[in-house]
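Here the sequence shown stands for residues 17 to 161, numbered as in our numbering. Down below is the structure, laid out as structure tokens.
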Amino acid sequence: MVTDGGAIEETRRQVGPARRERRRHHRYEFPGAVLQFGFPAPLGEHREQPLKDVSLAGIAFYFPADCCIGRVTVGQVIHGVRLLAADEVIELDLLVMRVEPAGEGRMVCGGLAYWKTLEDFERLKGLLERAEQGAPVGPGSPSTT
């Protein structure tokens, strides 16, 4: 467990039956959006991974299987994540809830987002509301999934 500001913090691991859908909010895709974070710690290698989708409560992103398989696990907290989507920068910590193969040598990681500040949450909420209304939100066209 890293507690001195490190990027990865081990928490209780949960083992159970096949994953059921947990997110209750619409998911949005933003082409070209990425997540940035240090891995395995803030002073570790800088990672910039493509966003799969985002909702008010969670985020999913892709990463290369050969880089992080076995190193990103359910129950970890990835600290200091920055979401760059449609000209917004939103800071959060991410509690990893699933890690699964996504094909093409990639894995998908999904988790609960803990927004750093109320302002980060409000920026995301505004971004998703604009996307829901079909308003331009920056580079790329968001879509709901």
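Using N, Cα and C, we set each Cβ at its ideal position, and we do this for glycine too.
Could you tell me the alpha carbon to alpha carbon distance between CYS125 and GLU104, rounded to whole angstroms?
21 Å
Reduced DSSP category for PHE248 - H, G, I as helix; E, B as strand; rest coil:
Because the chain is modelled from 17 through 161, residue 248 falls outside the range shown and cannot be assessed.
In the structure shown, what three-state DSSP assignment does ARG87 receive?
coil
Counting along the chain, where does the beta strand (DSSP E) carrying GLN149 start and finish?
No beta strand (DSSP E) contains GLN149, which DSSP labels as neither H nor E.
Inter-residue Cα distance where the pair is LEU144 and CYS84
29 Å
Using the rule of at least 16 other Cβ atoms within 10 Å of the residue's Cβ for burial, across every protein chain shown, is HIS95 buried or exposed?
buried
GLN92 classed as buried or exposed, judged by whether at least 16 other C-beta atoms fall within 10 angstroms:
buried
Helix, strand or coil: which one does DSSP assign to GLY142?
helix
May I ask you to report which of helix, strand or coil DSSP gives GLU37?
At GLU37 the pLDDT is 49, less than 50, meaning the model places this residue with poor confidence; the figure from the coordinates comes in the next sentence. GLU37 falls in the coil class under three-state DSSP.
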